[in-house]
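Contents: one structure, followed by commentary.
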Amino acid sequence: MLPYGRQNVTDADIEAVSAALRSDWLTTGPRVDAFERELAAVTGSPCVTVSSGTAALHTAYAAAGIGPGDEVVTTPMTFYATAGTASMLGATVVFADVEEDTANLDPYAVEAAITGRTRAVTAVDYAGHPAEYDTLRKVADGAGAVLIADAAHAIGSAYRGRPVGTLADLTTFSFFPTKNLTTGEGGAVASTDPDLLRRAREFRTVGLVRDRSRMRHPDEGAWHQEVHEFGLNYRLPDVLCALGSSQLRRLPVFKARRARLSARYDELLADAPGLRLPTTRDQVDPMRHLYPVRILGGRRREVFDRMRAAGIGVQVNYIPAYWHPVYADLGYRRGMCPNAEAFYAEQLSLPLFSDLTDADQERVVETLRTILES
Ligand SMILES: *Cc1c(COP(=O)(O)O)cnc(C)c1O
């Protein structure tokens with residue numbers, strides 16, 4: 001089965017991991033610092049590495065102080081973790097609808113969802129296309145809320161010439177194998193606010209405070225460390241950071257290949273019947289994580305099944321987050337976000353990853369055309 005996404009791992013990656021395994025550090029060592037510095041150069045903001053994209057979201061919300069009584073406004077067109085990690089901290093998640101064309105969080109829907117309890121607004125750069133950050137910033141600031149970007153799809157993307165990582169107060173990344181670069185499991189939190197970043201770092205490191213100037217009992221002894229707020233062990237090991245550094249070097253190559261494959265899909269499918277292709281707004285330079293088409297005429301499920309039967313691993317991204325039984329059980333009802341639901345009903349992700357060959361892509365296109373024309 002041709003997958004919809006997969007990693008690219010080279011001999012250089014394997015060498016980098018082997019070197020880490022032969023070194024003195026398996027977990028927190030020099031490769032963590034190096035990967036964090038290199039990530040900062042790409043994202044434009046200091047970064048803290050964590051053990052997954054889900055951990056990154058949990059860490060970002062914890063750093064922002066999100067808890068019971070707070071409301072977090074976010075998009076339903078995302079992987080469940082964008083919402084679920086806020087719910088786990090005791091916050092109430094409020095789903096606002098998406099824009100009809102990009103499937104990104106609609107700033108005007110956010111504005112309508114703001115209340116006196118809104119503490120965070122979380123956008124997702126769906127498929128790698130940055131959300132409308134200038135407007136989201138105004139709405140979040142107006143509400144006194146923290147702006148968070150779930151950029152699991154979008155490392156390497158830019159909005160109005162500014163890199164993803166600098167557009168929100170906190171930005172989260174995922175390095176799962178299907179994403180734009182991988183560490184197996186892994187993620188990161190970026191922030192230009194030193195206080196938010198320190199809080200993120202402490203939360204990811206079991207809440208431990210090692211800075212003597214902040215200790216309540218600084219004279220306890222050289223061994224002493226303190227916990228001031230609860231945290232978790234969300235560290236990304238040195239061995240995986242070695243893989244991340246090696247992968248990050250190829251980010252421009254990955255971006256160029258994904259852009260070329262997307263442009264080729266645009267071209268080869270331009271006149272296919274019953275199909276709507278993804279749009280790109282002028283102000284964005286996306287890292288193409290997904291190639292999401294819309295299958296018209298109520299045929300999405302049929303097309304999905306027939307593509308899979310032909311050995312082509314298409315995917316659906318995503319079921320609206322509040323359709324998950326965990327949210328249904330809390331009283332969230334279908335119909336809340338009509339644009340997101342209409343998008344979901346038609347959405348299909350075609351295979352897109354940097355090792356996808358031109359020949360494989362042509363097979364995807366021919367198979368899809370045959371199905372659509374029959
Ligand atoms: C993949 C993903 C996550 C979660 O990342 P993991 O590394 O799988 O935990 C969160 N949000 C979005 C939008 C994602 O695509």
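Numbering (the numbering used here), first residue to last: 1 to 374.
Each residue gets a CB set at the ideal place from its N, CA and C atoms; glycine is no exception.
Among F254, N339 and I371, which has the Cα closest to the Cα of I312? I371
Does DSSP put S262 in a helix, in a strand, or in coil? helix
Quick check: V93 and D106, are their CB atoms within less than 8 Å of each other? no
How many angstroms separate the CA atom of E202 from the CA atom of G231? 7 Å
Whole-angstrom distance between P163 and R37, CA atom to CA atom: 16 Å
Other residues of its chain near S174: CB distance less than 6 Å, five sequence neighbours each side excluded: G53, A152 and G187
If you draw a straight line from the alpha carbon of D360 to that of V17, how long is it in whole angstroms? 30 Å
Regarding V164 and ligand 1, is the C-beta to nearest heavy atom distance less than 7 Å? V164 has its Cβ no nearer than 7 Å to any heavy atom of ligand 1.
Give me the residue from S157, E185, I114 and V73 with the minimum Cα distance to H289. S157
Runs of 4 residues minimum, wholly inside the stretch 260-331: which ones carry the alpha helix (DSSP H) assignment? For the stretch 260-331, whole alpha helix (DSSP H) runs of length 4 or above, ordered along the chain, are 300-309 and 325-328.
Under DSSP, the beta strand (DSSP E) around R210 begins and ends at which residues? Premise fails: R210 is in no beta strand (DSSP E) and is neither H nor E.
Cα-Cα separation between A113 and T135, rounded to whole angstroms: 15 Å
Quick one: grab the DSSP three-state call for E71. strand
Anticipated Cβ contact below 8 Å, Q247 with L181, distance rounded: 4 Å
In the DSSP output, what is L2 paired with across the bridge? Checking the DSSP bridge columns, you'll see L2 partnered with I312.
Determine the extent of the beta strand (DSSP E) in which C337 is found, giving its start and end residues. Per DSSP, C337 belongs to no beta strand (DSSP E) and is neither H nor E.
Please report the residue range of the beta strand (DSSP E) in which I14 lies. Looking at the DSSP string, I14 is not in any beta strand (DSSP E); the run it does join, the alpha helix (DSSP H), is D11 to R22.
Who are the Cβ neighbours of V227 in its own chain at under 8 Å, not counting the five residues just before and after it? V206, G207, L208 and V209
Let's test the definition: count the other Cβ atoms within 10 Å of the Cβ of Y108 and tell me whether it reaches 16, buried, or not, exposed. exposed
Please indicate yes or no: does the CB of L240 lie closer than 7 Å to some heavy atom of ligand 1? no
Quick one: using the 10 Å Cβ neighbour count with 16 as the cut-off for buried, is D141 buried or exposed? exposed
Going by DSSP, which residues form a beta bridge with C47? A190
For the alpha helix (DSSP H) containing V139, name the first residue and the last one. Y133 to A143
Beta-carbon spacing of G184, L251 below 8 Å: no
Going by other Cβ atoms of all chains shown within 10 Å of its Cβ, with 16 needed for buried, is T102 buried or exposed? Buried: at least 16 other Cβ atoms inside 10 Å.
By a C-beta neighbour count over all protein chains shown, 10 Å radius and 16 as the cutoff for buried, is L240 buried or exposed? Classification for L240: buried.
Cutting at 7 Å between CB atoms, please list the residues of its own chain near E111, excluding the five before and the five after it. V139
Three-way DSSP call (helix, strand, coil) for T78 in this model: Coil at T78, not helix or strand.
Around the C-beta of A64, are 16 or more other C-beta atoms found within 10 angstroms, so that it is buried, or is it exposed? buried
Quick check on the DSSP output: what are the complete beta strand (DSSP E) runs of length 3 or more inside the stretch 145-208, in order along the chain? Those beta strand (DSSP E) runs which fall completely within the stretch 145-208 and span 3+ residues are 146-150, 170-174 and 187-190.
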